[in-house]
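J.: What follows is a single structure, and I will ask about it in a moment.
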């Protein structure tokens, strides 16, 4: 069964450094999402991406965050200058079309020191 | 009032028991309702997906949606130790907006 893949599985970074989290959504999917889950808290929406542009973003998704789909397969989340509070699991998800459910990757655990 | 509320548990049941998990929500715009299972350090895995009100059954799992009460449920029959995980409810308005709003998750342990 097709799946969403995310790399790396664990990223450790010094505060203030830039990180790029990578996702390969399911082939032919059209809508892409990033969520995060701080330890012990609920999964929170960050940003949605469709037709090569951001369709919606949350309050969390400030100027330090950006997303890109550099080619036909990858979908990336960049955090420009990481903070301690950015430590979380980051999940990528994709949808094949309108009205279909989201399928998630296994996430990247981001640890900021 | 939180947009989606879910009792975090933990919930511990013996093998073979019927498990009932539920969520309430406040946003009447939600049209799509999902249940995900999440194992430790893994991503949410889709279990059930329903649109609007009604019931949906898939094997040992039954999802119910009551939009008039803003209440959704997941029932697990003949629970197995492998069902031990955190169960997340999630919902979205649909239309042009499919972003998910999650409950906090219920930690379930099925004891052999």
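Chains as they are written, first to last, in the numbering used here: chain U, 89 to 201; chain Z, 26 to 137.
In this text, a Cβ means the ideal position worked out from N, Cα and C, and glycines have one as well.
(1) Measure the Cβ-Cβ separation of residue 71 of chain Z and residue 112 of chain Z and say whether it is below 8 Å.
(2) Which of the three DSSP states, helix, strand or coil, is assigned to residue 106 of chain Z?
(3) What residue ranges within the segment 138-190 of chain U form continuous beta strand (DSSP E) runs of no fewer than 3 residues, ordered along the chain?
(4) Just the Cα atoms here: how many angstroms apart are residue 126 of chain U and residue 101 of chain Z?
(5) Taking Cβ-Cβ distances shorter than 7 Å, what residues in chain U pair up with residue 119 of chain Z?
(6) Starting from residue 58 of chain Z, trace the beta strand (DSSP E) both ways and give me its first and last residue.
(7) Taking Cβ-Cβ distances below 8 Å as the criterion, which residues of the segment 95-108 of chain U are in contact with chain Z?
(8) Using CA atoms only, rank isn't needed, just tell me which of Z:87, Z:126, Z:136, Z:86 is closest to residue 121 of chain U.
(9) Residues of chain Z with CB under 7 Å from residue 191 of chain U, in chain order?
(10) Give the straight-line distance between the Cα atoms of residue 152 of chain U and residue 94 of chain U, rounded to the nearest whole angstrom.
(11) Measuring CB to CB, does residue 202 of chain U end up less than 8 Å from residue 171 of chain U?
(12) Return the first residue and the last residue of the beta strand (DSSP E) that residue 44 of chain Z is part of.
(13) Nearest to residue 38 of chain Z by alpha carbon, out of Z:66, Z:29, Z:77, Z:107?
(14) So for residue 117 of chain U, helix, strand or coil by DSSP?
(15) Counting only C-beta atoms, is residue 156 of chain U closer than 8 Å to chain Z at any point?
(16) Residue 133 of chain U CB to nearest chain Z CB: under 8 Å?
(17) Would you mind telling me which residues of chain U sit closer than 9 Å to residue 122 of chain Z, beta carbon to beta carbon, in chain order?
(18) In chain order, what residues of the same chain lie with their CB nearer than 8 Å to the CB of residue 114 of chain U, ignoring the 5 residues before and after it?
(19) Which same chain residues, not among the five before or five after residue 101 of chain U, have their C-beta less than 8 Å away from its C-beta?
(20) Whole angstroms are fine: how far does the CA of residue 40 of chain Z sit from the CA of residue 144 of chain U?
T.: The answer reads as follows:
(1) One-based indexing of the second chain puts residue 71 of chain Z at position 46. One-based indexing of the second chain puts residue 112 of chain Z at position 87. Contact flag unset, no.
(2) For the purposes of this step, residue 106 of chain Z is identified with residue 81 of the second chain, where counting begins at 1. Note: residue 106 of chain Z maps to helix in three-state DSSP.
(3) 141-145, 153-156, 163-167, 176-183
(4) Taking the first residue of the first chain as 1, we reach residue 126 of chain U at position 38. Taking the first residue of the second chain as 1, we reach residue 101 of chain Z at position 76. Looking at the two C-alpha atoms, the distance is approximately 28 Å.
(5) Taking the second chain and counting its residues from 1, the one referred to as residue 119 of chain Z is at position 94. The answer, in chain order, is 187.
(6) In the second chain, residue 58 of chain Z corresponds to position 33, counting from 1. 57-63 is the span of the beta strand (DSSP E), which, as asked, contains residue 58 of chain Z.
(7) none
(8) Counted from its first residue, the first chain places residue 121 of chain U at position 33. Ranking Z:87, Z:126, Z:136, Z:86 by Cα distance to residue 121 of chain U puts Z:126 first.
(9) Here residue 191 of chain U refers to the residue found at position 103 of the first chain. 71, listed in chain order.
(10) Taking the first residue of the first chain as position 1, residue 152 of chain U is located at position 64. Taking the first residue of the first chain as position 1, residue 94 of chain U is located at position 6. About 21 Å.
(11) Given that chain U is displayed from residue 89 to residue 201, the structure contains no residue 202 of chain U and the question cannot be resolved.
(12) Residue 44 of chain Z sits at position 19 when you count from the first residue of the second chain. Start and end: 44-50.
(13) Within the second chain, the letter at position 13 stands for residue 38 of chain Z. Of Z:66, Z:29, Z:77, Z:107, the residue nearest in Cα terms is Z:107.
(14) Mapped onto the first chain, residue 117 of chain U falls at position 29. Three-state DSSP puts residue 117 of chain U in coil, outside helix and strand.
(15) The count along the first chain starts at 1 and reaches residue 156 of chain U at position 68. Cβ-Cβ to chain Z under 8 Å: no for residue 156 of chain U.
(16) As a first step, residue 133 of chain U is located in the first chain; it is residue number 45 there, counting from the start. Yes - at least one Cβ of chain Z is within 8 Å of the one on residue 133 of chain U.
(17) Translated into positions along the second chain, residue 122 of chain Z becomes position 97. Going along chain U in sequence order, the residues near residue 122 of chain Z (Cβ under 9 Å) are 136, 143, 144.
(18) If you number the first chain from 1, residue 114 of chain U lands on position 26. 90, 91, 92, 182, 184, 191, listed in sequence order.
(19) Your numbering for residue 101 of chain U matches position 13 in the first chain. Taken in chain order, the residues that qualify are 107, 170, 198, 199, 200, 201.
(20) Within the first chain, the letter at position 56 stands for residue 144 of chain U. Within the second chain, the letter at position 15 stands for residue 40 of chain Z. Roughly 43 Å separates the two Cα atoms.
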